[in-house]
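Reminder that position 113 of the sequence shown reads as 113 in full-length UniProt numbering, one-by-one numbering, no gaps.
All residues carry an ideal CB built from backbone N, CA and C; glycine is no exception.
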Amino acid sequence: MVDTRVRAICEARKATAKAVAKAKVDYWEKFGEVLESNFHTGNNVFKQTVRRLCGEKSGSRKVLKDRIGHPLAKDEDTPQPQATAGRFACGATGNGESPERNIRMRPWGKMAKFYGIYSFGLSPYEQRAFRGYGKELAKTFNQHIKDYWFIYLLPLAILASRAKGLDMENKSLRKDPSKYVNDK
Numbered sequence: 001m002v003d004t005r006v007r008a009i010c011e012a013r014k015a016t017a018k019a020v021a022k023a024k025v026d027y028w029e030k031f032g033e034v035l036e037s038n039f040h041t042g043n044n045v046f047k048q049t050v051r052r053l054c055g056e057k058s059g060s061r062k063v064l065k066d067r068i069g070h071p072l073a074k075d076e077d078t079p080q081p082q083a084t085a086g087r088f089a090c091g092a093t094g095n096g097e098s099p100e101r102n103i104r105m106r107p108w109g110k111m112a113k114f115y116g117i118y119s120f121g122l123s124p125y126e127q128r129a130f131r132g133y134g135k136e137l138a139k140t141f142n143q144h145i146k147d148y149w150f151i152y153l154l155p156l157a158i159l160a161s162r163a164k165g166l167d168m169e170n171k172s173l174r175k176d177p178s179k180y181v182n183d184k
């Protein structure tokens with residue numbers, strides 16, 4: 001009886017994992033189709049997807065809230081982020097003190113004023129979305145090379161033979177300096 005329960009639980013977990021994997025694949029295929037079909041709205045679709053992955057509510061934020069959850073009404077009440085170098089990917093100018101931020105700033109793609117200098121600042125949600133992107137790209141590239149190394153053999157052989165042929169051609173075109181010693 002216990003054995004059948006364990007089997008049922010294992011089967012349910014496997015079925016759930018398969019369903020989640022299929023849903024993810026379907027979602028990313030749909031996402032790619034939308035980006036390819038209409039590049040005008042692709043930027044908005046990308047932002048919405050990143051927000052959903054980060055757990056942010058859909059749509060833009062209308063009101064900033066404090067730690068307790070009460071809405072902030074004035075620009076002066078806006079919380080000032082600490083340690084800007086850690087929270088902004090492009091590196092805020094200065095020594096890591098809080099930049100000027102206000103309610104009118106949108107978190108996506110706006111200019112932020114750091115110590116009187118306008119520069120591009122990424123929101124923490126964007127930071128989380130792109131964390132580890134380079135490592136994942138490198139892993140994917142390395143895996144591709146491991147899986148399809150044989151595809152690159154023919155082009156490499158052609159390049160090597162062509163380089164050798166060009167080298168031989170250059171050697172044949174060179175003049176022998178010993179023949180022209182007495183020329184004026």
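Alpha carbon of residue i to alpha carbon of residue j, nearest angstrom
i           : j    : result
V181        : K175 : 11 Å
residue 185 : T16  : Residue 185 is absent from the structure shown; the chain starts at 1 and stops at 184.
K135        : F141 : 10 Å
E169        : G32  : 49 Å
K164        : I158 : 10 Å
K47         : V2   : 47 Å
V45         : V34  : 8 Å
A19         : E36  : 26 Å
K171        : L154 : 26 Å
K179        : K139 : 57 Å
S161        : I151 : 17 Å
R13         : L137 : 29 Å
Minimum C-alpha distance to residue i - residue among the options
i   : options                 : result
E29 : L166, T49, A160 and R13 : T49
Problem set entry | Touch test, the stretch 3-14 against the stretch 22-33, Cβ-Cβ under 8 Å, three pairs minimum | Fewer than three Cβ pairs drawn from the stretch 3-14 and the stretch 22-33 lie within less than 8 Å of each other, which leaves the two stretches out of contact.
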